Amino acid sequence: MLSVLIAEDDFRVANIHEQFLKKVRGTKLVGKTSNCKETLAAVKKYKPDLIILDNYMPDGLGIDLIEEIREINNPTDVILVSAANEKEYIETAIRKGVKGIIIKPASLERFIFTIQKYIDDKISLERKDKVEQSFLDDLFGVKIAEESTTAVKGIDPLTLEKVISILKQNKTGITAEKTGEKMGASRTTARRYLEYLVSIDECYAELVYGIVGRPERNYYLK
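Structural data, given as structure tokens:
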């Protein structure tokens, strides 16, 4: 269970964020604070995993609290929720290692998406002893179009994304024939993309034996 502290000087906004947080599974609210002093005291007391931190507090700026928060409890992460949207503010927040920035007023969808992405990334990283470049690319939202690979192997990036999407939707496995039907292409084309994903270790194949006929290769996304 992820422990969360809400630091917000407007009690009405704090209550809204509390209601939003209830819709994010796997989270537990440990407290709400309305100024910098209360926030630091709550960090000492609860040692939360995450702080949803407003920037403009009566006794200071939330962004200036981040170093002090880390000194008290280094593993605590911060997501900023603020009306501040100046470039300098955003750059400073990123340099200080915030895990997300939500510009007020925060919609329910944006709030849930940001918190859930933080949770998913945290869980994924905790499960790994070592990380691959592809994992880091996903973590930081990096997408690289490898032109040389496309030219040599005849792999179109957009079609490849479609095949990956089909694999994600069929977690119990799918054949090249079924993949071709879903992507509107031939079985041969589908198999070329699937085998390419196998070659770069993004998916794997297993032989499935039916009641009659030859065994088929079922493909699964890793």
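Under UniProt numbering, the residues of the sequence shown are numbered 1 to 222, in order. Positions of the beta carbon are idealized from the N, C-alpha and C atoms, including for glycine. None of these values were measured; they are calculated from a predicted model.
Just verifying my parser: in three-state terms, what is the DSSP assignment at Glu8? coil
I'd like the ranges of any alpha helix (DSSP H) spanning at least 4 consecutive residues and lying wholly in the segment 39-111. 66-72 and 87-95
Does the beta-carbon distance from Tyr46 to Gly31 come in below 8 Å? yes
Taking DSSP's pairing of strands, which residues face Asn218 in a bridge? Glu206
Can you pull the DSSP bridge partners for Ser134? Ser134 pairs with nothing; no bridge assigned.
Do you know offhand how far Glu161's Cα is from Met183's? 11 Å
Using CA coordinates, which residue listed in Cys36, Ala83 and Leu65 is at the minimum distance from Pro58? Cys36
Whole-number beta carbon distance between Glu8 and Asp77, since they are thought to touch under 8 Å: At roughly 17 Å, the Cβ-Cβ gap does not stay under 8 Å, so Asp77 and Glu8 are not in contact.
Looking at the strands, I want to know which residues DSSP matches up with Lys28. Ser3
Which of the three DSSP states, helix, strand or coil, is assigned to Ile16? helix
For Ser3, collect the residues of the same chain with a Cβ closer than 7 Å to its Cβ; drop the 5 residues on either side in sequence, then sort them by chain order. Lys28, Val30, Tyr46, Pro48 and Asp49
DSSP on Thr33, reduced to helix/strand/coil? strand
Cα separation between Phe111 and Ile102? 7 Å
Take Leu197 as the anchor and find which of Asp10, Val208, Leu207 and Ala176 has the nearest alpha-carbon. Ala176
Same chain, Cβ closer than 7 Å to Tyr193, neighbours up to 5 away in sequence not counted: Ile155, Thr159, Leu160 and Val163
Do Leu5 and Ile72 have their C-beta atoms closer together than 8 Å? no
Distance check for Thr39 and Ile79, CA to CA, integer angstroms please. 14 Å
Give the straight-line distance between the Cα atoms of Asp201 and His17, rounded to the nearest whole angstrom. 41 Å
State the CB to CB distance for the pair residue 232 and Leu221, rounded to an integer number of angstroms; the pair is presumed to be in contact (CB under 8 Å). The shown model of the chain, from 1 to 222, leaves out residue 232, and the question about it has no answer.
Cβ of Ile63 within 8 Å of Cβ of Thr92? yes
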